[in-house]
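Visitor: Numbering (my numbering), first residue to last: 340 to 479.
#1: Below 8 Å between beta carbons: does that hold for residue 504 and residue 397?
#2: I believe residue 483 touches residue 401 by the beta-carbon criterion, under 8 Å. Please report the beta-carbon distance rounded to the nearest angstrom.
#3: Does the beta-carbon distance from residue 327 to residue 445 come in below 8 Å?
#4: Consult DSSP for residue 463 and reduce its assignment to one of helix, strand or coil.
#5: With C-beta atoms as the reference, is residue 419 less than 8 Å away from residue 394?
#6: So, with DSSP's three-state summary, where would you put residue 443?
#7: Could you check which residue in 448, 421, 447, 349 has the C-alpha nearest to that of residue 464?
#8: Looking only at its chain, what residues have a beta carbon closer than 7 Å to the beta carbon of residue 455, apart from the 5 residues adjacent to it on each side?
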């Protein structure tokens, strides 16, 4: 049980500590700037700690009145690589009713739809092995 064996435990402890702090920053109602929130969204997506809980926090920010936050939350869903959000990202890209429900808007703006396209590419890149299982969603 030397230094090499301890490395995964240390990394997981750091991921948990950082992830918990990011989740606190992403909680609805936290008083931080738009830039800080955007940074926290990207950092949490790259860390991918507790992806289901993280994705739910991102989803809450899809309703932000600030376009940059909606775009970054959309992008973060793709970077996170959680395959269960593939249908939502497709809905945002297509301005489908599910997207309007998720964002709370009458329509999805073109910039957010563009970020959904980028997010889909990131998600598919990160989850290439899950692509075969998810592909049926695209052709329905």
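Note that CB positions come from ideal geometry on N, CA and C, so glycine has one too.
Since the model is a prediction, treat every value here as computed from it, not as a measurement.
Guide: Let me spell this out:
#1: Shown here, the chain extends from 340 to 479; a query on residue 504 therefore has no answer.
#2: Because the chain is modelled from 340 through 479, residue 483 falls outside the range shown and cannot be assessed.
#3: Beyond the ends of the chain as shown, which are 340 and 479, falls residue 327; an answer cannot be given.
#4: Locating residue 463 in the chain shown gives position 124, where the first residue counts as 1. Residue 463 falls in the helix class under three-state DSSP.
#5: Position 80 of the chain shown, counting from 1, holds the residue named residue 419. Position 55 of the chain shown, counting from 1, holds the residue named residue 394. The answer is yes: Cβ separation under 8 Å.
#6: On the chain shown, position 104 is the one that residue 443 refers to. In this structure, residue 443 counts as coil in the three-state DSSP scheme.
#7: Taking the first residue of the chain shown as position 1, residue 464 is located at position 125. With distances taken between Cα atoms, residue 464 lies closest to 421.
#8: The count along the chain shown starts at 1 and reaches residue 455 at position 116. 413, 428, 431, 432.
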